[in-house]
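*Asks:* Please read through the structure below; I'll follow up with questions.
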Amino acid sequence: MGDSSLCSQHLLSNQETLPTAAAAAAPAAASKNSKKLSIIPLIFLIYFEVSGGAYGEEAAVGAAGPLWAILGFLIFPFIWSIPEALITAELATAFPGNGGYVIWAHQAFGPFWGSLMGSWKFLSGVINLASYPVLCVDYLKLVIPLLSSGVPRYVAILLSTLLLSFLNYTGLVIVGYTAVCLGVISLLPFIILTLISIPKIDPNRWISLGQKGVEKDWSLFFNTLFWNLNFWDNASTLAGEVEQPQKTFPKALFSAGLLTCLAYLVPLLAATGAIPLEQKNWVDGYFADVAEIIAGKWLKIFFEIGAVLSIVGLYEAQLSSCVYQLLGMADLGLFLQCFSVRSKWFNTPWLGILVSTLITVAVSYMDFADLISSVNFLYSLGMLLEFASFLWLRRKFPSIKRPFKVPVELPALIVMCLIPSGFLIYVMSVATGTVYLMSSILTVFSIAWFFMMKFCKSKKWPECNNAGENLDEEDLE
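So for the sequence shown, my numbering puts the first residue at 6; every next one is plus one.
Have a look at this one:
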């Protein structure tokens with residue numbers, strides 16, 4: 006990998022090919038001195054980007070009953086998760102640079118859309134981050150009631166956020182292997198629950214459509230599926246940090262996909278089959294109560310410990326995605342150049358970690374229910390732009406080297422993208438007026454940021470990198 010000043014060079018100048026963009030090139034010193042992510046840590050980082058375990062899937066049973074929940078987690082991956090993962094595998098191997106989907110939109114439609122994609126996805130990711138320290142403290146208060154409210158709660162949220170962010174600062178390889186350990190430990194309670202449940206399972210319970218008199222909540226059901234099987238593309242922002250990403254990414258996505266689906270389906274089958282249905286009890290956190298019913302208090306405590314460790318993994322994976330996205334945007338000239346500077350000690354983009362942490366702390370103290378809904382709306386906009394970028398890159402650059410290629414032609418790809426796009430449009434259509442307003446404000450801010458960066462470049466200010474400006478000028482002619 007070359008220096009960031011070389012980010013507009015083409016890797017293969019005499020063929021129909023594209024630069025992997027500035028984000029594909031880390032600084033030369035970093036390339037020589039840093040370790041890269043291998044496949045096992047990458048699998049678990051993707052796993053935590055998407056899932057982190059079956060914690061949170063309980064609401065699907067409460068909303069629609071066991072049969073619909075089982076069918077949802079069996080079928081929904083084929084209409085949402087697999088298309089998103091296939092797109093990520095193709096584009097992350099064709100453009101293996103930090104920045105991921107920002108590079109894809111930039112190459113497909115130009116810097117404005119790359120910047121807008123980056124803003125939508127970053128805001129979505131970093132504000133979602135704020136929920137994890139809060140959830141972590143919510144679990145800890147079960148053991149330490151002092152953390153339930155007031156100053157002790159605020160201090161606990163602040164300290165947990167800073168501690169988790171410092172772990173991210175120590176390096177992506179450390180974060181990756183931490184994710185492996187967290188993943189194994191947080192999965193153990195579900196494995197134990199499943200094994201103990203086997204003699205008690207009655208398969209007839211699986212075909213229950215729910216208790217009589219309990220109304221179906223389809224909005225909650227689909228939202229539960231959507232947010233438990235989403236974010237496959239987030240790991241693409243780390244592509245520049247991965248060993249041989251052209252080979253590693255497809256294998257890691259396939260393995261993480263299999264792990265995620267099994268981690269949802271197996272405990273769901275065990276829990277719904279082993280105990281009589283009390284649908285109103287199936288809310289977030291109910292797996293711990295099921296564990297107590299089936300095995301005793303000790304397994305419930307193990308579940309609560311696993312939930313905390315899962316939250317830590319979710320935070321680390323999401324924060325890594327955010328900060329390396331900013332690094333990629335800086336290399337592309339869509340963000341301030343200082344965000345591409347790495348720590349001398351750990352080779353991590355320290356300023357991106359700092360800024361993301363400060364935003365996370367600020368949002369943690371807000372009543373952010375509407376804000377979370379708004380950034381999820383922005384994420385949906387980003388996914389629509391991502392599908393469009395994928396299709397347009399297939400048409401615009403049909404002959405570039407794609408180490409992994411979705412093995413169908415453009416018409417079939419359009420159909421593949423239309424189905425999840427329809428679901429995204431439905432999710433967006435049922436948003437509240439407040440969500441529309443806040444999403445509009447954040448989008449206007451994102452557009453203003455792009456034009457401010459453009460103005461800074463015109464003044465040739467040193468913090469505004471122009472390296473990515475002409476990436477589309479040297480294409481194929």
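For every residue, glycine included, the Cβ atom is placed at its ideal position computed from N, Cα and C.
Source: prediction; values computed, not measured.
1. Looking only at C-alpha atoms, which of F292, Q284, A261 sits nearest to L47?
2. Which residues mark the beginning and the end of the alpha helix (DSSP H) in which K232 is found?
3. If you follow the alpha helix (DSSP H) that L282 is part of, which residue opens it and which one closes it?
4. Specify, as a first and last residue, the run of the alpha helix (DSSP H) that N133 falls within.
5. How would you label F460, buried or exposed, when you count the other beta carbons within 10 angstroms and need 16 or more for buried?
6. Is the separation between the beta-carbon of V55 and that of T253 shorter than 7 Å?
7. Could you tell me which of A113, T199, L319 sits nearest to A293, measuring between CA atoms?
8. What is the DSSP secondary structure of L147, counted as helix, strand or coil?
9. Just tell me which of I51, L447, I405 has its CA closest to the CA of S241.
10. Could you pull out every unbroken alpha helix (DSSP H) segment of at least 4 residues lying fully inside the stretch 335-413, listed in chain order?
11. Look up L168 in the DSSP assignment and say whether it is helix, strand or coil.
12. When the distance is taken between beta carbons, is G333 closer than 7 Å to G104?
13. Considering only heavy atoms of the ligand GTP, does any lie closer than 6 Å to the CB of K205?
14. Tell me, to the nearest whole angstrom, how far the beta carbon of W211 is from that of L79; I am working on the premise that it is less than 8 Å.
15. May I ask you to report which of helix, strand or coil DSSP gives V156?
16. Taking the alpha helix (DSSP H) that F455 falls in, what are its first and last residues?
17. Rounded to whole angstroms, what's the CA-CA distance from C469 to P138? Just pull it up for me.
18. May I ask you to report which of helix, strand or coil DSSP gives L214?
19. Report yes if the C-beta distance between G130 and Q323 is below 7 Å; otherwise report no.
20. V271 by DSSP, collapsed to three states: which one?
21. Do E89 and V288 have their C-beta atoms closer together than 7 Å?
22. Determine the direct distance from the alpha carbon of A135 to that of Y159, and round the result to whole angstroms.
23. Whole angstroms are fine: how far does the CA of P204 sit from the CA of A275?
24. Over the uninterrupted alpha helix (DSSP H) stretch that includes I299, give me the two end residues.
25. Assuming the contact rule is C-beta atoms closer than 8 Å, Y174 and I358 should be a hit. Round their C-beta distance to whole Å, please.
26. Return the chain-ordered list of same chain residues with a C-beta closer than 7 Å to the C-beta of E248, the five sequence neighbours on each side being excluded.
27. Going by the CB atoms, is the gap between L140 and K146 shorter than 7 Å?
28. What's the C-alpha gap between L5 and L263?
29. Could you name the residues of the same chain whose beta carbon sits closer than 7 Å to that of A97, not counting the 5 residues immediately before and after it, in chain order?
30. Under 8 Å by Cβ, that's how I've got I201 and A300 pegged, so tell me the actual separation to the nearest angstrom.
31. Looking at L356 and C343, is the spacing between their C-beta atoms short of 7 Å?
32. DSSP three-state call for V288: helix, strand or coil?
*Replies:* Put simply:
1. A261
2. Per the sequence shown, residue 232 should be read as Trp rather than Lys. Taken as a continuous stretch (DSSP letters only), the alpha helix (DSSP H) holding W232 covers 223-233.
3. Per DSSP, L282 belongs to no alpha helix (DSSP H) and is neither H nor E.
4. 116-134
5. exposed
6. no
7. T199
8. coil
9. I51
10. 355-369, 374-401
11. helix
12. yes
13. In the structure on display, the ligand GTP does not appear, and there are no ligands present to speak of.
14. Contact flag wrong, Cβ pair sits at about 11 Å.
15. helix
16. 438-463
17. 33 Å
18. coil
19. yes
20. helix
21. no
22. 13 Å
23. 10 Å
24. 291-299
25. 5 Å
26. K41, L42, S43
27. no
28. Since the first residue of the chain shown is 6 and the last is 482, residue 5 is not available in this structure.
29. G105, S241, A244, P250, F254
30. 5 Å
31. yes
32. coil
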